[in-house]
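Structure, as structure tokens:
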Amino acid sequence: MRKYLAFGLTLETDIDFTGVLPHSTAETDVCISEGSIQQKANRPTRIQRRGIRAKLGITASDIVLNWDGVGIFRVSDGKTIVYQNNGADEGTIRLFLLSEVIGLVLYQRGLLLLHGSAVKFGDDAAVFLGIPGAGKSTTAAAFGKAGHTVLTDDLVAVQLIDGRPYVIPAFGQYKIWKNTVDGLNVDESKLEPSFEGSTKFLVNQSVTDFPQTPIPLRMITLLYPPNSRKQTERIKPLHAPVELLKHFPLPVQLLTGQYLKTHFQDALTITRFATINQLKRPDGFDALSLFVQEFSFD
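In the numbering used here, the protein residues as written are 119 to 416.
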């Protein structure tokens, strides 16, 4: 068993994450192991990966996600992950573990979760949210091309520390679409093919230089297509909890009880320290590059 760091947690696992996650010598937070999973997971969700819709199962202490033909994953008490491999290669299992599965761990640990991307700009973090195709991953890639660290391209974890919101850095690898590679003039020879298909590539940031401590959250931007009727404006604080709830990255069946109450409380706290805006995304890669060049928190 080896130890790695992701989302601020030390993962002890039998899977090789070398080159993707930094090694850790800290006390184990989450144990990941292979095993047989008997709990049923047959409730359809909106979660899709590789074109396969995940099915959900919930018990008093466990959450189970099942992707037919890939694997079943059981997360317990925010501390353990058991996976049953149903025919996938190790790279695919890594991909699924580092997406919604690790998201379930963070959910059970009480973090506010968002489906979006986040970048480190100066000493602070900017988060970009949006419906599929809104441009959040492409926007993050443009910041990465400009030399900024991409903290995450899919799952944003926000934690309140001493009453202030911080983005928890995920890990140094992020995905980039083929059209983004071409549009941003990224050197394709330096990229790896993604396990999600031929239209995506993996960008590997330096494992040793990737931030390992929480980054203060300064701005959240809701991205909309250029032809949207939405106006560029600031979201009112009282509207923030509902707007952020629209971008919950896990099955909506989990939005109940204490987590839902905490989400509303945390979202209101975020508005005290970070601006929340809505913005029509830049139209075209030249406009996006200019947006990154002129970006500021003011």
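Backbone N, C-alpha and C fix where the C-beta goes; we use that ideal spot for every residue, glycine too.
Using CA coordinates, which residue listed in 139, 398, 150 is at the minimum distance from residue 223?
Stepping through the sequence shown from its first residue, residue 223 is reached at position 105. Among 139, 398, 150, the Cα nearest to that of residue 223 is on 150.
Alpha-carbon to alpha-carbon, residue 212 and residue 270
As a working mapping, residue 270 is identified with position 152 in the sequence shown. As a working mapping, residue 212 is identified with position 94 in the sequence shown. In a straight line, the C-alpha of residue 270 is about 16 Å away from that of residue 212.
Report the CB separation of residue 410 from residue 260 in whole angstroms; it is logged as a contact under 8 Å.
The residue given as residue 410 occupies position 292 in the sequence shown. The residue given as residue 260 occupies position 142 in the sequence shown. 5 Å between Cβ atoms; contact.
With a 10 Å radius around its C-beta and 16 neighbouring C-beta atoms as the bar for buried, classify residue 283 as buried or exposed.
Within the sequence shown, numbered from 1, the residue matching residue 283 stands at position 165. Buried, because 16 or more other Cβ atoms sit within 10 Å of the Cβ of residue 283.
With H, G and I counted as helix, E and B as strand and the rest as coil, what does DSSP make of residue 168?
Position 50 of the sequence shown, counting from 1, holds the residue named residue 168. In this structure, residue 168 counts as coil in the three-state DSSP scheme.
Is it the case that the Cβ atoms of residue 142 and residue 123 are separated by a distance below 8 Å?
Numbered from its first residue, the sequence shown carries residue 142 at position 24. Numbered from its first residue, the sequence shown carries residue 123 at position 5. In this structure, residue 123 lies closer than 8 Å to residue 142 by Cβ.
Per-residue burial, residue 330 [other beta carbons within 10 Å of its own, 16 or more giving buried]
If you number the sequence shown from 1, residue 330 lands on position 212. Residue 330 comes out exposed.
Within 8 Å, strictly: CB atoms of residue 247 and residue 232:
What you label residue 247 is simply residue 129 of the sequence shown in a count that begins at 1. What you label residue 232 is simply residue 114 of the sequence shown in a count that begins at 1. Yes, they are a contact pair.
I'd like to know if the region 178-190 and the region 201-220 are in contact, where contact means that at least 3 CB-CB pairs between them fall below 8 Å.
yes
List the whole-angstrom C-beta distance separating residue 355 from residue 386, where the pair is believed to meet the contact cut-off of C-beta under 8 Å.
Indexing the sequence shown from 1 puts residue 355 at position 237. Indexing the sequence shown from 1 puts residue 386 at position 268. Contact holds; Cβ gap of about 7 Å.
Does DSSP put residue 153 in a helix, a strand or coil?
For the purposes of this step, residue 153 is identified with residue 35 of the sequence shown, where counting begins at 1. It is coil, neither helix nor strand.
In terms of DSSP beta bridges, what is residue 186 paired with?
Counting from 1 along the sequence shown, the entry for residue 186 is found at position 68. Bridge partners of residue 186: none, in fact.
Alpha carbon to alpha carbon, how far is residue 353 from residue 193? Give it in angstroms, no decimals.
Residue 193 sits at position 75 when you count from the first residue of the sequence shown. Residue 353 sits at position 235 when you count from the first residue of the sequence shown. Approximately 35 Å between the Cα atoms of the pair.
Would you tell me roughly how many angstroms separate the C-alpha atoms of residue 258 and residue 268, rounded to the nearest one?
Along the sequence shown, read from residue 1 onward, the residue named residue 258 stands at position 140. Along the sequence shown, read from residue 1 onward, the residue named residue 268 stands at position 150. Each residue's Cα considered, the two are about 6 Å apart.
Measure the beta-carbon distance from residue 319 to residue 294 and round it to whole angstroms, keeping in mind my assumption that it falls under 8 Å.
Here residue 319 corresponds to residue number 201 of the sequence shown, with the count starting at 1. Here residue 294 corresponds to residue number 176 of the sequence shown, with the count starting at 1. About 5 Å separates the two Cβ atoms, so the contact holds.
Cutting at 8 Å between CB atoms, please list the residues of its own chain near residue 217, excluding the five before and the five after it.
Residue mapping note: residue 217 aligns to position 99 of the sequence shown, counting from 1. Same-chain partners within the cutoff: 167, 272, 273.
Is residue 250 helix, strand or coil by DSSP?
The sequence position of residue 250 within the sequence shown is 132, counting from 1. Note: residue 250 maps to coil in three-state DSSP.
Going by alpha carbons, who is nearest to residue 198 out of 206, 174, 226, 173?
If you number the sequence shown from 1, residue 198 lands on position 80. Comparing Cα-Cα distances from residue 198 to each of 206, 174, 226, 173, the minimum goes to 226.
Have a look at the DSSP bridge pairing and note the partners of residue 282.
One-based indexing of the sequence shown puts residue 282 at position 164. Beta-bridge pairing links residue 282 to 279.
With H, G and I counted as helix, E and B as strand and the rest as coil, what does DSSP make of residue 229?
Residue mapping note: residue 229 aligns to position 111 of the sequence shown, counting from 1. If DSSP states are grouped into helix, strand and coil, residue 229 belongs with coil.
Give the range of the beta strand (DSSP E) segment to which residue 130 is assigned.
Your numbering for residue 130 matches position 12 in the sequence shown. Looking at the DSSP string, the run of the beta strand (DSSP E) that includes residue 130 is 127-131.
In angstroms with no decimal places, state the Cα-to-Cα distance between residue 390 and residue 336.
In the sequence shown, counting from the first residue as 1, residue 390 sits at position 272. In the sequence shown, counting from the first residue as 1, residue 336 sits at position 218. Roughly 10 Å separates the two Cα atoms.
For residue 254 and residue 203, I'd like the C-alpha separation in whole angstroms.
Counted from its first residue, the sequence shown places residue 254 at position 136. Counted from its first residue, the sequence shown places residue 203 at position 85. Each residue's Cα considered, the two are about 31 Å apart.
Residues in its own chain within less than 6 Å of residue 252 by CB, not counting five upstream and five downstream?
Walking along the sequence shown from the start, residue 252 turns up at place 134. 341.
I need the straight-line Cα distance from residue 364 to residue 165, nearest angstrom please.
Here residue 364 is taken as the residue at index 246 of the sequence shown, counted from 1. Here residue 165 is taken as the residue at index 47 of the sequence shown, counted from 1. The straight-line gap from Cα to Cα measures roughly 14 Å.
Alpha-carbon to alpha-carbon, residue 229 and residue 361:
In the sequence shown, counting from the first residue as 1, residue 361 sits at position 243. In the sequence shown, counting from the first residue as 1, residue 229 sits at position 111. Roughly 17 Å separates the two Cα atoms.
Can you name the residues that DSSP bridges to residue 332?
As a working note, residue 332 is residue 214 in the sequence shown. Paired residues: none, contrary to the question.
My output table needs one value for residue 237: the three-state DSSP class, helix, strand or coil.
Counting from 1 along the sequence shown, the entry for residue 237 is found at position 119. Three-state DSSP puts residue 237 in a strand.
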